[in-house]
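Visitor: Numbering (the UniProt record's numbering), first residue to last: 1 to 103.
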Amino acid sequence: GSLLAGGEVLLTSGLGLHGRTSEQLASYVREVAEAGCVAVVMEMGRSFFSVPDSMLDEARRQGLVFVTLHSVVPFERMVEDFHDLVLQRKLGAYRYGEHSWDD
Numbered sequence: 001g002s003l004l005a006g007g008e009v010l011l012t013s014g015l016g017l018h019g020r021t022s023e024q025l026a027s028y029v030r031e032v033a034e035a036g037c038v039a040v041v042m043e044m045g046r047s048f049f050s051v052p053d054s055m056l057d058e059a060r061r062q063g064l065v066f067v068t069l070h071s072v073v074p075f076e077r078m079v080e081d082f083h084d085l086v087l088q089r090k091l092g093a094y095r096y097g098e099h100s101w102d103d
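What follows is the structure in structure tokens.
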């Protein structure tokens with residue numbers, strides 16, 4: 001089964017993609033989109049200095065948002081921040097960790 005449920009933002013350093021052909025890179029983007037991801041965030045510098053055209057072209061065809069990071073961003077921190085935003089949206093005025101009941 002897929003590890004993706006749909007609606008995810010996929011974070012990647014691209015390490016597992018280095019050395020793949022243009023066709024394989026396009027196929028990867030297509031599979032990510034078909035799995036229901038809404039965006040790919042890819043860190044530049046470790047595996048790629050720029051996003052291969054085949055990946056960007058396929059992302060456009062699939063309607064997939066493609067974001068590039070040109071400086072090191074701790075993925076763990078990004079995930080925590082996204083999680084906090086989701087919780088704030090779900091809980092409205094309440095913040096994560098606060099009591100949502102009357103004392």
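Glycine residues also receive a C-beta, built at the ideal position from the N, C-alpha and C atoms.
Go ahead and label residue 104 buried or exposed: buried means 16 or more other beta carbons lie within 10 angstroms of its beta carbon, across all protein chains shown.
Guide: Here the chain comprises residues numbered 1 to 103, so residue 104 is not present and cannot be evaluated.
Visitor: If I measure Cβ to Cβ from M78 and keep anything under 7 Å in the same chain, skipping five residues before and after, which residues do I get?
Guide: Here residue 78 refers to the residue found at position 78 when the sequence shown is read from its first residue. Around M78: L11.
Visitor: Helix, strand or coil for L85, going by three-state DSSP, please let me know.
Guide: Against the sequence shown, residue 85 aligns to sequence position 85. Note: L85 maps to helix in three-state DSSP.
Visitor: Under the rule that 16 or more other beta-carbon atoms within 10 Å means buried, what is V72, buried or exposed?
Guide: Numbered from 1 along the sequence shown, position 72 holds the residue referred to as residue 72. Exposed, by the Cβ-count rule.
Visitor: Do V38 and G14 count as a contact pair if the criterion is CB distance below 8 Å?
Guide: Within the sequence shown, numbered from 1, the residue matching residue 14 stands at position 14. Within the sequence shown, numbered from 1, the residue matching residue 38 stands at position 38. No; because the gap between Cβ atoms is not below 8 Å, this pair is not in contact.
Visitor: When the Cα of G36 is compared with those of S47, L17, S22, A5, which residue comes out closest?
Guide: Within the sequence shown, residue 36 is the residue found at index 36, counting from 1. Minimum Cα distance to G36 is reached at A5.
Visitor: For the candidate residues K90, F82, L56, H70, whose alpha-carbon lies nearest to that of S27?
Guide: Taking the sequence shown and counting its residues from 1, the one referred to as residue 27 is at position 27. Measuring from the Cα of S27, the nearest candidate turns out to be L56.
Visitor: For M42 versus T21, is the C-beta distance shorter than 8 Å?
Guide: The residue labelled residue 42 in the question sits at position 42 within the sequence shown. The residue labelled residue 21 in the question sits at position 21 within the sequence shown. Going by C-beta atoms, M42 is not nearer than 8 Å to T21.
Visitor: Which residues in the same chain have their Cβ closer than 7 Å to the Cβ of H83, if we skip the five residues on either side of it in sequence?
Guide: Sequence index remark: in the sequence shown, residue 83 carries index 83 (1-based). Cβ within range, chain order: n/a, list empty.
Visitor: So, at 8 Å on beta carbons, what are the nonlocal neighbours of D53 in its own chain, with the 5 sequence-adjacent residues on each side left out?
Guide: Translated into positions along the sequence shown, residue 53 becomes position 53. So the list reads S22, once near-sequence residues are dropped.
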